[in-house]
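> Protein sequences, first through last, are from chains U and P.
For what it's worth, the working numbering labels the leading residue of the first sequence as 1, then goes sequentially.
For what it's worth, the working numbering labels the leading residue of the second sequence as 570, then goes sequentially.
Next up is a structure, given as structure tokens.
Number of protein chains: 2
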Amino acid sequence: MTAETPAADFFARHRELLDRAVAAAAERDHWAPFNESPSTSVYGEEAPARGEEGFRALLGQDFALPGHPGDGTVAPREVSPYGLPLDVAYPKVTPDEAVATAKAAARVWRTTDPDVRAGIAAEILVRLNADVFRIAQAVHHTTGQAFVMAFQAGGAHAQDRGLEAVAYAWAEQKRHPAAARWSKPQRRGGPLTMDKTFTAVGRGVGLVVGCNTFPTWNAYPGLFASLVTGNPVVVKPHPRAVLPLALTVRTAREVLAEAGFDPNIVVLAAEAPGERNAAALATHPDVRIVDFTGSTEFGDWLEANARQAHVYTEKAGLNTIVLDATDDYRGVLRNLTFSLSLYSGQMCTTPQNLLVARDGFATDEGVKTPAEFAADLGAALDAFLGDPGRAAGTLGALVNDDVLKRVEEASALPGAVHPTRPVAHPEHSGAVLRTPAVALLDAAADRPVYTREWFGPVSFVIATDSTAHSLDVFRETVSAHGALTAAVYATSPEVVDAARDAALDAGVHLSENLTGGVFVNQSAAFSDFHGTSANPAATAALTDPAFVTGRFTVLQSRRHAPAVEHADA
Amino acid sequence: MTAETPAADFFARHRELLDRAVAAAAERDHWAPFNESPSTSVYGEEAPARGEEGFRALLGQDFALPGHPGDGTVAPREVSPYGLPLDVAYPKVTPDEAVATAKAAARVWRTTDPDVRAGIAAEILVRLNADVFRIAQAVHHTTGQAFVMAFQAGGAHAQDRGLEAVAYAWAEQKRHPAAARWSKPQRRGGPLTMDKTFTAVGRGVGLVVGCNTFPTWNAYPGLFASLVTGNPVVVKPHPRAVLPLALTVRTAREVLAEAGFDPNIVVLAAEAPGERNAAALATHPDVRIVDFTGSTEFGDWLEANARQAHVYTEKAGLNTIVLDATDDYRGVLRNLTFSLSLYSGQMCTTPQNLLVARDGFATDEGVKTPAEFAADLGAALDAFLGDPGRAAGTLGALVNDDVLKRVEEASALPGAVHPTRPVAHPEHSGAVLRTPAVALLDAAADRPVYTREWFGPVSFVIATDSTAHSLDVFRETVSAHGALTAAVYATSPEVVDAARDAALDAGVHLSENLTGGVFVNQSAAFSDFHGTSANPAATAALTDPAFVTGRFTVLQSRRHAPAVEHADA
């Protein structure tokens, strides 16, 4: 690989972007390399229409992946939560074939200069961003996210998180020089001198198991971290959300091929519903890295069974809020209303358990008991979601029947104070939209109810004995069952400190007194860590050094340095 | 914790040392913070005698650890391989008690500023270095290492490796700021501004399981990495090598107490022979990090069973040398003779399998067949070890009867061309000294013999079909069984390249054409990586970022930034 090759060109082209990304991750101020605004003033007049046309042109077709392994096609039967059948077919490839192809393709990639690998990854992301309107359509029509959210979370923010992973993976490989001279003085004679070479080598085939609700956002960190650290990657999308990752894989393959590498360094392992190839892929002896987002059950299974691999999981948890006091009760209600409504609570970060002392918590509108607070929250939800356009734009559509069943079950609980109700989508009659359900529970009596995750638009206002008791429940339940997010509302420094201590004990990130335009379920790449390995909900954070260091090894060779050459030699 | 406290003083005192250590690890030139020369010109006229007296004063006594948990004492019955019974008794503490005490002591330590933790760790190492002659005596009389080697490997080099781990652990926690302001421009109005706090939090109780042959060198990296990343540590020494780690634990506790922390952040869990507490400790729910050096069998058991913990193991392997050609045959023999003799091959890095093409390899003294090479190696060993003083100073003593049995078994193999022979120690009649055994094997017929580790002074010259076949055997056996070291002798760039490729495939570090004063079984802290996670012999390297990142988590909290204050407010 010489400086003239396209691979090196991508690095030169994106060097500044990569340096900026590394600096941003270290500074943790706001920095967003990819613009989150789906605006023609940013992306051009034609971008929205071209994206939609590009998406429509894929429907009902075989998805083209030149040079991809496989025999025939597989049709996962993706159907949009908004009613549109996608009917796209993908190359059919067995787990063994996918892994063997990726492994064989990566012989050179494994030891390629990390600069070259990072440059290629950055180019892939830049091209994905150029295609963001089409990818947003694909995310919108596989997840049920409203279009703007699909554009942001599934497009720009996913790309930000991807570049963040590239930055960490690249920087971590640059911690040691590629070569060094070691010169040790000796008591007699000249120094002992050795030349040493250090090579960052990928660990083996990486597997990325995608999820239905955030196919790109949750897949990009693992995909790009594995790729940049020298690993080939098999991408196994959720059968109901293949298209966003198929577009991603195609772009990756195009850039790899242009850079002179085998495109099979990135392979798509689409499957039909019910095939359940993830287990076979994850336990394949040549798969050495697994990134998974999804259920606790399968995540735990992977951690226990994919023993030949480093396993990074993001599973479910009990996102918790402790309410002790506020001087902006309307702000609390406004903030929580949006947090609970966004994408119908189908985020791994949506708050579920809201802990309030039985005697109530102090607000600028007087003391609010759990029942009063639950009623106010229900009323605020009704007011916010009363406008059909805003409701559709915020709630999106329910991604599947399981979520619908769960929210109906919650609405039938004895404590249900704000049952879910259907909302008609102004444009898509096929979409299933439901407002969040809120139930009032008791910390002691209803423990079995709130200590499991109710993925979807379900939240509980839970009456505790006191704020101290709330913090105990928070600490204990999150330590035992995990959480991706936590929040506290408190006005006294003592309670804020106690909440911080409890969050450190529980191993979860904490948001304090959010009443404005920042929401507990959102995290900003390059500034907020998403998840932690310190509680059972995940084994890693997006993204920190621990997320990348296990994906490669530095191997060294050493030899006596050549004798010093004289100028006249 | 303020700047006036002793804890902060240690950081200020050692700031320059820590910065230098971080820079050295990144540069990988020679740097040794602790002097390896057991010389009075370095350590002072009185140091050797004071060290020996200090050691003798410990014998036959209860080892004092003020404030340490436990009820009564345990007597592991340490007996020096040189004949001296140590008869030291240590606090008797159950696994549950050790873990509970360490956990309770670490409540503050867990979130203490990484600067403070690193300063304390540096102070501990500096004090261990001031006590190096006594520690060397303790290592000498528990491992059987000759005194100079015990001083170097068990003293100065162990301290170097300890500081290396401190440097990585400290630097990795400094990757992110303790606090940051996030300010995101909005389309309308002022920016959204959040203040964020980032806290590096220890994962839980760390357990260090020591080994008999390198009690300090192999324990210090894990001990100091866990400590500096905010974890309390339970040190469980090998029952035959407790004293070196007891001295280490005592020094750590003294420094912690002086710095205002609970000394029980570091606890000694000595045990009687046969107690086998390691399994109970390693699977304790509060133990979240395990560092182990020892047998493949128990290492594999830990990896499979200590599922609640991050497990770092260094086990056994098949250290391999491929001989293809040399222009310095005498240099090869001289270098290998020392490598095989040093500490009677009782190093995890001693070469075992020497692969030579059946038709021989080219040297400046003509082609040497495997049989000729094995005979020459045997003769070189006899010549080198013919001097009793040099033999005693190089071989040290056999650490236990298992090693003796193994070398006798190897000497009885049909292919044994250089059986072991006893050597009398000039001073210690009780010491068991044996020269290395060399046997000639066939790559095909004798596979079961050379694909297991023969820990001790046992090496095999193995006849292969060709150098290409040697490289295949190297690649396959090391991939399957692991290795800590590998080497090649070759004169053509093609063969060197092929060997480098094979080493990258096998996931092992490679030494090339060592004929001078550097030996394959030695690694220099801050320059050479010891071990890799890329083959079965170990799950980590000493030391790289992957060795430290799993020991802590960065937890964040965030809140709206206070409104801008006006100057006239």
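Positions of the beta carbon are idealized from the N, C-alpha and C atoms, including for glycine.
#1: With a threshold of 7 Å on Cβ separation, who are the neighbours of Val1065 of chain P within its own chain once the five nearest residues in sequence on each side are excluded?
#2: Determine, using beta carbons only, whether Gly947 of chain P and Val936 of chain P come nearer to each other than 8 Å.
#3: Taking CB distances under 8 Å as the criterion, tell me whether His1078 of chain P reaches chain U.
#4: Check each residue of the stretch 1078 to 1097 of chain P: if its Cβ is closer than 8 Å to any Cβ of chain U, include it; give the result in chain order.
#5: Quick check: the Cα distance between Phe1121 of chain P and Arg772 of chain P, rounded to an integer number of angstroms?
#6: Can you find a C-beta in chain U that's less than 8 Å from the C-beta of Gly1119 of chain P?
#7: Just mark Val668 of chain P as buried or exposed, buried being the case when its beta carbon has 16 or more other beta carbons within 10 Å.
#8: Quick one: which chain U residues come within Cβ less than 8 Å of Met916 of chain P?
#9: Of the residues P:Asn787, P:Gln630, P:Asn604 and P:Tyr651, which one's Cα is nearest the Cα of Asp700 of chain P?
#10: Can you check which of these residues, P:Glu621, P:Gln921 and P:Arg756, is closest to His1050 of chain P by C-alpha distance?
#11: Check the Cβ-Cβ distances between Asp29 of chain U and every residue of chain P, and say whether any is below 8 Å.
#12: List the residues of chain U whose Cβ lies closer than 7 Å to the Cβ of Gln721 of chain P, in chain order.
#13: How would you label Asn1140 of chain P, buried or exposed, when you count the other beta carbons within 10 angstroms and need 16 or more for buried?
#14: Taking 8 Å as the CB-CB limit, is Gln1125 of chain P close to chain U?
#15: At 4 residues or longer, what runs of the alpha helix (DSSP H) sit wholly inside the stretch 354 to 431 of chain U?
#16: Please identify, using Cβ separations under 8 Å, the residues of the stretch 1100 to 1116 of chain P that lie next to chain U, in order along the chain.
#17: Report back the beta-carbon spacing between Ile135 of chain U and Thr216 of chain U to the nearest angstrom; my notes put them in contact at under 8 Å.
#18: Got a sec, what are the start and stop residues for the alpha helix (DSSP H) Val166 of chain U sits in?
#19: Note down, in chain order, every chain P residue with its Cβ under 8 Å from the Cβ of Thr111 of chain U.
#20: Check whether the Cβ atoms of Thr1020 of chain P and Ala926 of chain P sit closer than 8 Å, and answer yes or no.
#21: For the stretch 748 to 765 of chain P and the stretch 731 to 738 of chain P, state whether three or more C-beta atom pairs, one from each stretch, are separated by less than 8 Å.
#22: Of all the CB atoms in chain P, is at least one closer than 8 Å to the CB of Ala480 of chain U?
#23: Please report how far the alpha carbon of Gly900 of chain P lies from the alpha carbon of Asp893 of chain P, in whole angstroms.
#24: One question on the structure: do Gly154 of chain U and Pro237 of chain U come within less than 8 Å of each other, judged by their Cβ atoms?
#25: Which runs of the beta strand (DSSP E) at least 3 residues long sit entirely within the stretch 480 to 542 of chain U? Give them in chain order.
#26: Consider the Cβ of His176 of chain U: report whether some Cβ of chain A lies at a distance smaller than 8 Å.
#27: I want to see whether chain P comes within less than 8 Å of Lys184 of chain U, judged by CB atoms only; does it?
#28: Give me, in chain order, the residues of the same chain whose beta-carbon lies closer than 6 Å to that of Val235 of chain U; leave out the 5 immediate sequence neighbours on both sides.
#29: Cβ atoms of Pro536 of chain U and Asn264 of chain U: under 8 Å apart, would you say?
#30: Using a Cβ-Cβ distance cut-off of 8 Å, determine whether His560 of chain U contacts chain P.
#31: With 8 Å as the threshold, decide whether the Cβ of Tyr1058 of chain P is near any Cβ in chain U.
#32: Interface residues of chain P around Ser192 of chain U at Cβ under 9 Å?
#33: If you reduce the DSSP assignment to three classes, tell me which class Ala875 of chain P lands in.
#34: Considering only their Cβ atoms, is the gap separating Ala675 of chain P from Pro801 of chain P smaller than 8 Å?
#35: Which residue from P:Arg597, P:Thr1084, P:Ala885 and P:Ala749 puts its Cα closest to that of Gly1100 of chain P?
#36: Where does Tyr82 of chain U fall in DSSP's three states?
The structure says:
#1: The sequence position of residue 1065 of chain P within the second sequence is 496, counting from 1. Taken in chain order, the residues that qualify are Val1057, Ala1059 and Glu1081.
#2: Within the second sequence, the letter at position 378 stands for residue 947 of chain P. Within the second sequence, the letter at position 367 stands for residue 936 of chain P. No, these two residues do not count as a Cβ contact at 8 Å.
#3: Residue numbering aside, residue 1078 of chain P sits at position 509 when the second sequence is read from its first letter. The beta carbon of His1078 of chain P sits closer than 8 Å to some beta carbon of chain U.
#4: Residues are counted here when their Cβ sits less than 8 Å from a Cβ of chain U; for the stretch 1078 to 1097 of chain P these are His1078, Leu1079, Ser1080, Glu1081, Asn1082, Leu1083, Thr1084, Gly1085, Gly1086, Val1087, Ala1093, Ser1096 and Asp1097, given in chain order.
#5: Here residue 1121 of chain P refers to the residue found at position 552 of the second sequence. Here residue 772 of chain P refers to the residue found at position 203 of the second sequence. Cα to Cα, Phe1121 of chain P sits roughly 5 Å from Arg772 of chain P.
#6: Position 550 of the second sequence, counted from the start, is the residue given in the question as residue 1119 of chain P. Under the 8 Å criterion on CB atoms, Gly1119 of chain P is classed as interfacial with respect to chain U.
#7: Here residue 668 of chain P is taken as the residue at index 99 of the second sequence, counted from 1. By the beta-carbon neighbour count (other beta carbons within 10 angstroms, threshold 16), Val668 of chain P is buried.
#8: Here residue 916 of chain P refers to the residue found at position 347 when the second sequence is read from its first residue. Per Cβ cutoff of 8 Å: no residues; Met916 of chain P is ~17 Å from chain U at best.
#9: Along the second sequence, one-based indexing puts residue 700 of chain P at 131. Between Asp700 of chain P and the set P:Asn787, P:Gln630, P:Asn604 and P:Tyr651, the nearest pair of CA atoms involves P:Asn604.
#10: For the purposes of this step, residue 1050 of chain P is taken as the residue at position 481 of the second sequence. With distances taken between Cα atoms, His1050 of chain P lies closest to P:Gln921.
#11: Sequence index remark: in the first sequence, residue 29 of chain U carries index 29 (1-based). The beta carbon of Asp29 of chain U sits closer than 8 Å to some beta carbon of chain P.
#12: The residue labelled residue 721 of chain P in the question sits at position 152 within the second sequence. None at all; the shortest Cβ gap to chain U is about 13 Å.
#13: The structure shown does not extend to residue 1140 of chain P, since chain P is modelled only from 570 to 1138, so the question has no answer here.
#14: By one-based count along the second sequence, residue 1125 of chain P stands at place 556. For Gln1125 of chain P, the answer is yes, since a Cβ of chain U falls inside 8 Å of its Cβ.
#15: Those alpha helix (DSSP H) runs which fall completely within the stretch 354 to 431 of chain U and span 4+ residues are 370 to 385, 388 to 395 and 401 to 411.
#16: Residues passing the 8 Å Cβ filter: Thr1101, Ser1102, Ala1103, Ala1110, Asp1113, Pro1114 and Ala1115.
#17: Here residue 135 of chain U corresponds to residue number 135 of the first sequence, with the count starting at 1. Here residue 216 of chain U corresponds to residue number 216 of the first sequence, with the count starting at 1. Contact holds; Cβ gap of about 7 Å.
#18: Residue mapping note: residue 166 of chain U aligns to position 166 of the first sequence, counting from 1. DSSP places Val166 of chain U in the uninterrupted alpha helix (DSSP H) bounded by His157 to Gln173.
#19: Locating residue 111 of chain U in the first sequence gives position 111, counting from the first residue. Thr111 of chain U reaches chain P at Leu1073, counting residues in chain order whose Cβ is nearer than 8 Å.
#20: To locate residue 1020 of chain P, count along the second sequence from 1; it is residue 451. To locate residue 926 of chain P, count along the second sequence from 1; it is residue 357. If you check the CB distance, Thr1020 of chain P and Ala926 of chain P do not come in under 8 Å.
#21: A contact between stretches requires three or more CB pairs, one per stretch, nearer than 8 Å, and the stretch 748 to 765 of chain P fails this requirement with the stretch 731 to 738 of chain P.
#22: Reading the first sequence from its first residue, position 480 is the one you call residue 480 of chain U. No - not a single Cβ of chain P is within 8 Å of the one on Ala480 of chain U.
#23: Here residue 900 of chain P corresponds to residue number 331 of the second sequence, with the count starting at 1. Here residue 893 of chain P corresponds to residue number 324 of the second sequence, with the count starting at 1. One C-alpha to the other measures close to 15 Å.
#24: Taking the first residue of the first sequence as 1, we reach residue 154 of chain U at position 154. Taking the first residue of the first sequence as 1, we reach residue 237 of chain U at position 237. Their beta carbons are not under 8 Å apart, which means Gly154 of chain U does not touch Pro237 of chain U by this criterion.
#25: Taking only runs of at least 3 residues, the beta strand (DSSP E) segments lying wholly in the stretch 480 to 542 of chain U are 486 to 489 and 510 to 512.
#26: Among the protein chains of the structure shown, namely U and P, there is no chain A.
#27: To locate residue 184 of chain U, count along the first sequence from 1; it is residue 184. Yes, because at least one Cβ of chain P sits closer than 8 Å to the Cβ of Lys184 of chain U.
#28: Walking along the first sequence from the start, residue 235 of chain U turns up at place 235. So the list reads Val208, Leu245, Val249 and Leu268, once near-sequence residues are dropped.
#29: By one-based count along the first sequence, residue 264 of chain U stands at place 264. By one-based count along the first sequence, residue 536 of chain U stands at place 536. No, the pair does not count as a contact, with Cβ atoms beyond the cut-off.
#30: Residue 560 of chain U sits at position 560 when you count from the first residue of the first sequence. Contact with chain P is found for His560 of chain U, since one of that chain's Cβ atoms lies less than 8 Å from the residue's Cβ.
#31: Sequence index remark: in the second sequence, residue 1058 of chain P carries index 489 (1-based). So no, Tyr1058 of chain P is outside the interface.
#32: Mapped onto the first sequence, residue 192 of chain U falls at position 192. The sequence as given places Leu at residue 192 of chain U; Ser does not occur at that position. Ordered by position in chain P, the residues that pass the 9 Å Cβ test against Leu192 of chain U are His599, Gly1085, Gly1086 and Val1087.
#33: As a first step, residue 875 of chain P is located in the second sequence; it is residue number 306 there, counting from the start. Coil, per DSSP.
#34: Numbered from its first residue, the second sequence carries residue 801 of chain P at position 232. Numbered from its first residue, the second sequence carries residue 675 of chain P at position 106. It is a contact, given that the beta carbons lie within the stated cut-off.
#35: The count along the second sequence starts at 1 and reaches residue 1100 of chain P at position 531. Here the closest residue by C-alpha is P:Ala885.
#36: Walking along the first sequence from the start, residue 82 of chain U turns up at place 82. Three-state result, Tyr82 of chain U: coil.
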